[in-house]
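Below is one structure, written out as structure tokens, with a few remarks after it.
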Amino acid sequence: MAAKLRKGDKVVVLTGKDKGKTGEIASVDPQAGRAVVEGVNVAIRHVKQSQTNQGGRQPKAMPLDLSNLAIVDANGKATRVGFRIEDGKKVRFAKTTGEAI
Numbered sequence: 057m058a059a060k061l062r063k064g065d066k067v068v069v070l071t072g073k074d075k076g077k078t079g080e081i082a083s084v085d086p087q088a089g090r091a092v093v094e095g096v097n098v099a100i101r102h103v104k105q106s107q108t109n110q111g112g113r114q115p116k117a118m119p120l121d122l123s124n125l126a127i128v129d130a131n132g133k134a135t136r137v138g139f140r141i142e143d144g145k146k147v148r149f150a151k152t153t154g155e156a157i
């Protein structure tokens, strides 16, 4: 199935402790159905010191379920994603505005 949400998309969180927060998708795991969004669902992780890393308590963005995310359209509102054929290519478009993403 084609990916409705991809790396680099600007999304808003629909449910959970970070409801309403927006951010950019850093990575997507299609098999698990989860995505990491920068600055959202941040947990503190204890990291051991190395030659390049200071170590200590560092914030890390944890994965969210894809069902809890919605892409942000040109108006800045959450929207669903649809697919259509334009010039022989399959493109994603925002259901609210009808614009290609």
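Residue numbering for the sequence shown follows this note's numbering, beginning at 57 and increasing consecutively.
Backbone N, C-alpha and C fix where the C-beta goes; we use that ideal spot for every residue, glycine too.
Assuming residue i contacts residue j (C-beta within less than 8 Å), just tell me the rounded distance between them.
i: Lys116; j: Val98; result: 7 Å
i: Ala91; j: Leu122; result: 6 Å
i: Val93; j: Ala59; result: With a Cβ gap of about 15 Å, Val93 and Ala59 do not count as contacting.
Which word fits residue i, buried or exposed, when buried means at least 16 other C-beta atoms lie within 10 angstroms of its C-beta?
i: Val89; result: Contrary to the premise, residue 89 reads as Gly rather than Val in this sequence. Answer is exposed; the Cβ neighbour count stays below 16.
i: Asn109; result: exposed
i: Ile141; result: exposed
i: Ile127; result: buried
i: Val144; result: Note that residue 144 corresponds to Gly in the displayed sequence, not to Val. So Gly144 ends up on the exposed side.
i: Val67; result: buried
Ignore the nearest five residues each way along the sequence and tell me which others in residue i's own chain have a CB closer than 8 Å to its CB.
i: Thr153; result: Asp129, Ala130, Asn131 and Thr135
i: Ile100; result: Arg113, Gln114, Pro115 and Lys116
i: Lys151; result: Thr135, Arg136, Val137 and Gly138
i: Val147; result: Phe139, Arg140, Ile141, Ala156 and Ile157
According to DSSP, which residues form a beta bridge with residue i?
i: Asp143; result: Partner(s): none; Asp143 has no beta bridge.
i: Arg148; result: Phe139
i: Gly76; result: Its beta-bridge partners do not exist; DSSP assigns none.
Between residue i and the rest of its own chain, which residues show a CB-CB distance below 7 Å, the 5 nearest in sequence each way excluded?
i: Gln105; result: Gly111
i: Phe102; result: Per the sequence presented here, residue 102 reads as His, with Phe not at that position. Cβ neighbours of His102 beyond the five flanking positions: Arg113.
i: Asp74; result: Val96 and Asn97
So, for residue i: in the same chain, excluding its five sequence neighbours on each side, which residues have a beta-carbon less than 6 Å away from its beta-carbon?
i: Asp65; result: Ile81 and Ile127
i: Lys77; result: Val69 and Val96
i: Gly79; result: Val93, Glu94, Gly95 and Val96
Using 7 Å as the cut-off, classify the Cβ of residue i as near or not near the heavy atoms of the ligand GDP, replying yes or no.
i: Val137; result: Questions concerning the ligand GDP fall outside what the structure shown contains, since it holds no ligand whatsoever.
So within the region 89-130, which uninterrupted beta strand (DSSP E) runs reach at least 3 residues, ignoring any that extend past its ends?
90-93, 98-103, 112-117 and 125-128
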